[in-house]
Amino acid sequence: MKTVLVSGARPNFMKIAPVVRAFRERDYRDFVIVHTGQHYDYAMSQVFFEELGLPEPDHCLNAGSGSHAEQTGKIMVEFEKVCREIQPDVIVVVGDVNSTLACSIVGKKLCCRVAHVEAGLRSRDLSMPEEINRIVTDAIADICFASEKSGVANLRAEGKSDGQVHFVGNVMIDTLHYQLAALQQRAPLTGKRSNGNYAVVTLHRPSNVDDAVVLGGILDALAEIASVLPVKFPVHPRTSRRLEECRMLERIEGSGIELMPPLSYKDFLALWKDASVVLTDSGGLQEETTALGIPCLTLRTSTERPVTVTEGTNVLVGNRRDDILRAFAACGDERRGSPRIPEMWDGQAAGRIADILLKDA
Ligand code: UD1
């Protein structure tokens, strides 16, 4: 059995790393890594390969940026050429980015089996490109690996059979456990999380950064928070461009918001793991903060990861200044009860995935 592992954008790399490790532990070598090039800056791509111990990709498609159609189309054309050359049996796609969608369509039309890691998540918000990517990918996937129970329920409701849906847990948390252990070896912890007394912010969703009024309101809230708690803000390239275009950098100067370039996996983990609170619109960070019990204010009104709200530390806050400030004021409240670690977020998800994939190999 020949397998292709698809990776393309920053949140993909930490999801394929544990699968590669699990394949190697099982002495399975007949796989290739295809990098679509959706993300291409060193800080958005290569540094993750280096830090996560991923081998160099076997094929790079160099798709780059563009409109959704341009990016998705370019990945499809190039990926089809690679698939024709290497004739894979299984294509493994992860997450919900354009690369996930593009490669699953190509793979399925070439009659490969498509396996989707992180299947079944639904925000019910079709204005998010990721929601479209998730729905289409799952509709054609042969094997669906769900990270939380809501994913299983959604897939079953959409007509997937029992045999196609596997509740395996969360590969992102595999990487978190693995890298946290490495970090702790370098600087032994006392067993208790130190409180860094700062907030960490990430922001990149078009719905939050593309509209100047919305972005301005969020920055107003962050500036107010920064007057009582230092705010550390590694800035995604899309957001960085918008801050410049909207001339908002001057507003941030002197506000106590510390802007920094995108961080590597380890540098970012070292930062957020000790934060008092995280404010974000990322999908993965909602899960990671839940896994470490750190309060997370999500600057969206929906989440495709409901277990982070029902069991974890996540609160959906939206993107309006007053709502963000109200949620920030309340986030120290003990009333929220004790967060729980969601089922199967035990650092072993990739092993379960490999066992299922390799059963018939
Ligand atoms: C993509 C994913 C999103 C994911 C996010 C993580 C889709 C539809 N969106 O959004 O789900 O949460 O990645 O980062 O797949 N850019 C660079 N260097 C890079 C990559 C991008 O400068 O290496 C800039 C370009 O100006 C580009 C913009 O960022 O136009 C947006 O990149 P793109 O990949 O289109 O979407 P993201 O916002 O990163």
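Throughout the sequence shown, residue numbering follows the working numbering, covering 72 to 432 in sequence. Yeah, the Cβ is synthetic: ideal placement off N, Cα and C, and Gly gets one too. Computed from a prediction, not measured in an experiment: that's the story for all the values here.
Between residue i and the ligand UD1, is there a pair consisting of the residue's CB and a ligand heavy atom that are separated by less than 8 angstroms?
i, result
"A362", "no"
"D112", "yes"
"H139", "yes"
"D431", "no"
"P82", "yes"
"M115", "yes"
"P305", "no"
"Q142", "yes"
"G418", "no"
"D168", "Before going on, a small fix: residue 168 reads as Val here, not Asp. It does: the Cβ of V168 is within 8 angstroms (strictly closer) of some heavy atom of the ligand UD1."
"S198", "no"
"H275", "yes"
"N279", "no"
"N204", "yes"
"Q109", "yes"
"D136", "Here residue 136 turns out to be Ser, not Asp, going by the sequence shown. Yes."
"S232", "no"
"R309", "yes"
"R193", "no"
"S46", "Because the chain spans 72 through 432 in this model, residue 46 falls outside it and cannot be assessed."
"E201", "yes"
"R376", "no"
"R312", "yes"
Between the options, which has its C-alpha nearest residue i's C-alpha?
i, options, result
"L314", "H275, K337 and Y336", "H275"
"M115", "L387, A80, D417 and A362", "A80"
"I328", "V306, A294, L356 and F150", "A294"
"V236", "N204, G191 and I244", "G191"
"S218", "L340, S136, A425 and W416", "W416"
"V77", "G355, L334, M331 and I162", "I162"
"L370", "W343, Q357, L247 and L429", "Q357"
"A341", "I176, L247, L429 and A401", "L247"
"F119", "N83, E149 and S138", "N83"
"K86", "D431, D352, G418 and L428", "G418"
"A253", "G354, E122, I203 and R97", "E122"
"C367", "L286, K73, V271 and G124", "V271"
"P332", "S311, E321 and E324", "S311"
"V280", "G267, H307, Q256 and N268", "H307"
"S437", "L387, V239 and T374", "For residue 437 there is no data in the structure shown, the boundaries of the chain being 72 and 432."
"G325", "S298, L334, S335 and V348", "S298"
"G389", "L428, S278, S175 and K180", "S278"
"M208", "P410, L172 and E382", "Just to set this straight, residue 208 is Thr in the shown sequence, not Met. For T208, the nearest C-alpha among the options comes from L172."
"I412", "R391, I244 and A401", "I244"
"Y336", "G178, L330 and G355", "G355"
"A140", "K344, L429, P200 and L125", "P200"
"G135", "T360, H110, Q117 and V153", "H110"
"V153", "G287, S138 and N133", "N133"
"T273", "G234, T360, G178 and L428", "T360"
"A362", "D196, R193, L428 and E414", "E414"
"G178", "F339, R97 and V75", "V75"
Original post:
Within the chosen definition, does the region 222 to 229 reach the region 385 to 402 through at least 3 CB pairs nearer than 8 angstroms?
Top reply: no
Subject >> Continuous alpha helix (DSSP H) assignments of at least 4 residues falling wholly in the region 280 to 348 >> reply: 283 to 297, 308 to 316, 320 to 323 and 336 to 343
Subject >> Contact the region 89 to 103 vs the region 131 to 145: 3+ CB pairs below 8 angstroms >> reply: no
Original post:
Between the region 378 to 397 and the region 297 to 312, do at least 3 Cβ pairs fall closer than 8 angstroms?
Top reply: no
Subject >> At least 3 beta-carbon pairs within less than 8 angstroms: the region 208 to 221 vs the region 166 to 186 >> reply: yes
Original post:
In chain order, which continuous runs of the alpha helix (DSSP H) of length 4 or greater are located wholly inside the region 141 to 213?
Top reply: 169 to 180 and 200 to 211
Original post:
Can you find at least 3 beta carbon pairs, one from the region 159 to 179 and one from the region 119 to 129, that sit closer than 8 angstroms?
Top reply: no
Original post:
Is the region 93 to 107 touching the region 421 to 431, taking contact as three or more C-beta pairs under 8 angstroms?
Top reply: yes
Original post:
Of all the alpha helix (DSSP H) runs that stay within the bounds of the region 78 to 142, which reach a length of 4 or more residues?
Top reply: Within the region 78 to 142, complete alpha helix (DSSP H) segments of at least 4 residues are found at 81 to 96 and 117 to 122, given in chain order.
Original post:
Using 8 angstroms as the Cβ pair cut-off and three pairs as the minimum, do the region 149 to 159 and the region 98 to 109 touch?
Top reply: yes
Original post:
Where in the region 350 to 391 do unbroken runs of the beta strand (DSSP E), each at least 3 residues long, occur, reported from the N-terminal end onward?
Top reply: Look at the region 350 to 391 and you find these whole runs of beta strand (DSSP E), each 3 residues long or longer: 367 to 369 and 385 to 387.
Subject >> Every unbroken beta strand (DSSP E) within the region 219 to 251, with a cutoff of 3 residues, ordered by chain >> reply: 236 to 238
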